[in-house]
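See below for the structure under consideration.
Numbering (full-length UniProt numbering), first residue to last: 1 to 252.
Spelled out as structure tokens, the structure:
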């Protein structure tokens with residue numbers, strides 16, 4: 001499976017083409033930094049719960065008062081009670097009794113994204129098609145751990161691998177999503193002091209999930225950036241910020 005994932009990307013400079021890569025290809029024609037980035041983690045489409053079992057989505061179903069519309073994508077729009085509280089309608093249990101537009105994370109909706117080589121940053125996550133303001137760009141997925149378990153894991157990584165990269169994102173006051181070993185493309189979103197995306201926490205089928213949403217219209221070729229803070233970054237692991245924004249703080 002991992003080899004198939006690598007074989008889906010042929011890179012020349014900053015151009016990623018969706019064509020197969022075969023082992024007989026000349027390695028110099030393949031951008032190794034991007035291929036290596038794909039090889040360093042196991043891909044997942046949803047969170048993996050390590051410290052506990054996943055909650056039953058039917059234990060507490062959030063009902064709205066919406067009615068079905070001809071275009072299901074318009075059902076449960078901005079006036080939906082659930083959407084207003086950043087809660088998705090549970091699939092099969094929406095008050096509209098039909099599929100609705102407030103199930104984006106459950107449906108695995110995400111923007112068209114690619115990875116490109118980036119000077120100084122290694123790789124960058126880039127939009128491969130325009131993204132509208134407020135659109136869900138992608139869900140941030142990984143292993144859901146208790147805060148203590150995550151901190152212990154990061155201490156081992158710092159000692160054993162001497163790694164300065166962190167992939168932890170706080171999902172609740174007690175838990176962290178760690179995308180280091182298991183995750184998705186969202187793990188490659190670089191930090192910026194003036195990001196074009198924001199992180200929102202949504203209640204999805206009984207669990208809290210993190211979604212990356214566009215703060216503004218994003219053009220094809222623009223890098224996807226967020227400000228994930230430095231709560232879990234030890235002082236001796238801080239790095240120079242490369243966002244180049246006018247408001248850049250210098251370090252992250």
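C-beta: ideal position from N, C-alpha, C; glycine also. Because the structure is a prediction, the values reported are computed rather than measured.
query	result
Backbone CA spacing between residue 40 and residue 66 [nearest angstrom]	43 Å
Neighbour-count burial assignment, residue 96, 16 or more Cβ in a 10 Å radius	buried
Nonlocal neighbours in the same chain, by C-beta distance under 6 Å from residue 248, ignoring five residues either side	193, 241
Identified DSSP bridge partners for residue 190	225
Distance, residue 143 Cα to residue 48 Cα	5 Å
Euclidean distance between Cα positions of residue 196 and residue 50	31 Å
Validate contact between the region 99–109 and the region 165–185 using beta carbons, cut 8 Å, 3 pairs	no
Buried or exposed by the 16-neighbour rule on C-beta atoms within 10 Å, applied to residue 61	exposed
Distance CB(residue 219)-CB(residue 117) smaller than 8 Å	no
Segment limits, beta strand (DSSP E) that includes residue 257	Absent from the structure is residue 257, since the part of the chain shown begins at 1 and ends at 252.
Residue 124 burial status per 10 Å Cβ neighbour count (16 or more: buried)	buried
Distance, residue 87 Cα to residue 209 Cα	10 Å
Residue 74 to residue 98 span [Cα, whole Å]	12 Å
Distance CB(residue 228)-CB(residue 191) smaller than 8 Å	yes
Collapsed DSSP secondary structure at residue 172 in the structure displayed	coil
Residue range of the unbroken beta strand (DSSP E) whose run includes residue 200	197–204
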